[in-house]
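One point on numbering: in our numbering, the residue at position 126 of the sequence shown is 129, and numbering is uninterrupted. Right, one structure below, let's go through it.
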Amino acid sequence: MSLRQLPNTITLLRIALTVPIVWALLVEQYGLVLWLLLLAGLSDALDGWLVRRYGWYTRLGGYLDPLADKILVVSTYFTVAWTGLLPWWLVALVVAREVIILSGALAFRAVTRSLEMQPLFISKVNTFMQIVLVLSVIVSAGVLSLPAWYLDGMLLLVLFTTVSSGLAYVVAWSRKAFNHGRATVEPPR
Numbered sequence: 004m005s006l007r008q009l010p011n012t013i014t015l016l017r018i019a020l021t022v023p024i025v026w027a028l029l030v031e032q033y034g035l036v037l038w039l040l041l042l043a044g045l046s047d048a049l050d051g052w053l054v055r056r057y058g059w060y061t062r063l064g065g066y067l068d069p070l071a072d073k074i075l076v077v078s079t080y081f082t083v084a085w086t087g088l089l090p091w092w093l094v095a096l097v098v099a100r101e102v103i104i105l106s107g108a109l110a111f112r113a114v115t116r117s118l119e120m121q122p123l124f125i126s127k128v129n130t131f132m133q134i135v136l137v138l139s140v141i142v143s144a145g146v147l148s149l150p151a152w153y154l155d156g157m158l159l160l161v162l163f164t165t166v167s168s169g170l171a172y173v174v175a176w177s178r179k180a181f182n183h184g185r186a187t188v189e190p191p192r
């Protein structure tokens, strides 16, 4: 393995961390869950830093990194809902957003034969808020009881950012497809 592949290896390890995180949630080992989630977050920061610092970008890594985040977030949300810490309707909304984004990307790829993954700013905000919410309910369940107003507020914030992000991606993919269609129809000037 070359050093250029190190970020991809770290990303694959982050995907593998999903299994012990889900297990620890199911057996209510919330302290362990928090440590494992911290490790996952640090690995995400490390692989991103390596790519930026040394230019070790690979096309595979461009797909793996957001996939790892989605696997971790969706798995954690499903498990937290299974244990009763979050409502199922929120999990359905989070998953629906992911399906919309993936469907848009696949449709764009099918039509244009190209695909560049670029997260939108609202998507980064949404991912951050989703992580803060899941960490908050885990902390509240097993470490330190947090006020209901805070948890309810976070839930509403995640609802807002999830819907906003999903809509933003629908607009972005539609605009890209429209512009691509115009570029292939109009003669160059």
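All C-beta atoms, glycine included, are put in the ideal place defined by N, C-alpha and C.
Continuous alpha helix (DSSP H) stretch holding residue i: start and end
i, result
"Q133", "124–145"
"T86", "Careful: T86 lies outside any alpha helix (DSSP H) and carries neither H nor E."
"L20", "Neither: L20 is in no alpha helix (DSSP H) and is coded neither H nor E."
Closest residue to residue i among the options (Cα-Cα distance)
i, options, result
"I13", "L35, G51, A27", "G51"
"S148", "L88, L20, L53, V77", "L88"
"T164", "W92, I125, D155, V146", "I125"
"V30", "L170, L75, A144", "A144"
"K73", "V102, L136, D155", "V102"
"A108", "G169, R56, A27", "G169"
"V76", "A151, V142, L138", "L138"
"R178", "Y153, T115, V166, N129", "T115"
"L158", "L96, W176, N182", "L96"
"K127", "Y33, Y172, L35", "Y172"
"G44", "S5, D155, F131, V142", "F131"
"L78", "Y57, V98, Y153", "The amino acid at residue 78 is misidentified as Leu; the sequence shows Ser. Out of Y57, V98, Y153, V98 has the C-alpha closest to the C-alpha of S78."
"L28", "V166, W152, V83", "V83"
"M4", "L42, Y33, T86, W59", "W59"
"L213", "P90, R56, S167, W176", "Nothing can be reported for residue 213: it is not among the residues displayed for the chain, which extend from 4 to 192."
"G156", "S167, W176, V135", "V135"
"Y66", "V94, N182, L15, P150", "L15"
"L123", "A175, Y57, L49", "A175"
Short Cβ contact (7 Å threshold) for residue i with residue j
i, j, result
"S46", "R7", "no"
"L20", "L39", "yes"
"Q121", "V161", "no"
"V54", "P23", "no"
"I141", "V36", "yes"
"F111", "A180", "yes"
Assigned secondary structure, residue i (DSSP; H/G/I helix, E/B strand, else coil)
i, result
"Y60", "coil"
"R116", "coil"
"M4", "coil"
"P193", "With the chain represented from 4 up to 192, any question about residue 193 goes unanswered, as that position is not in the structure."
"V173", "helix"
"V77", "helix"
"A31", "Per the sequence presented here, residue 31 reads as Glu, with Ala not at that position. Three-state DSSP puts E31 in coil, outside helix and strand."
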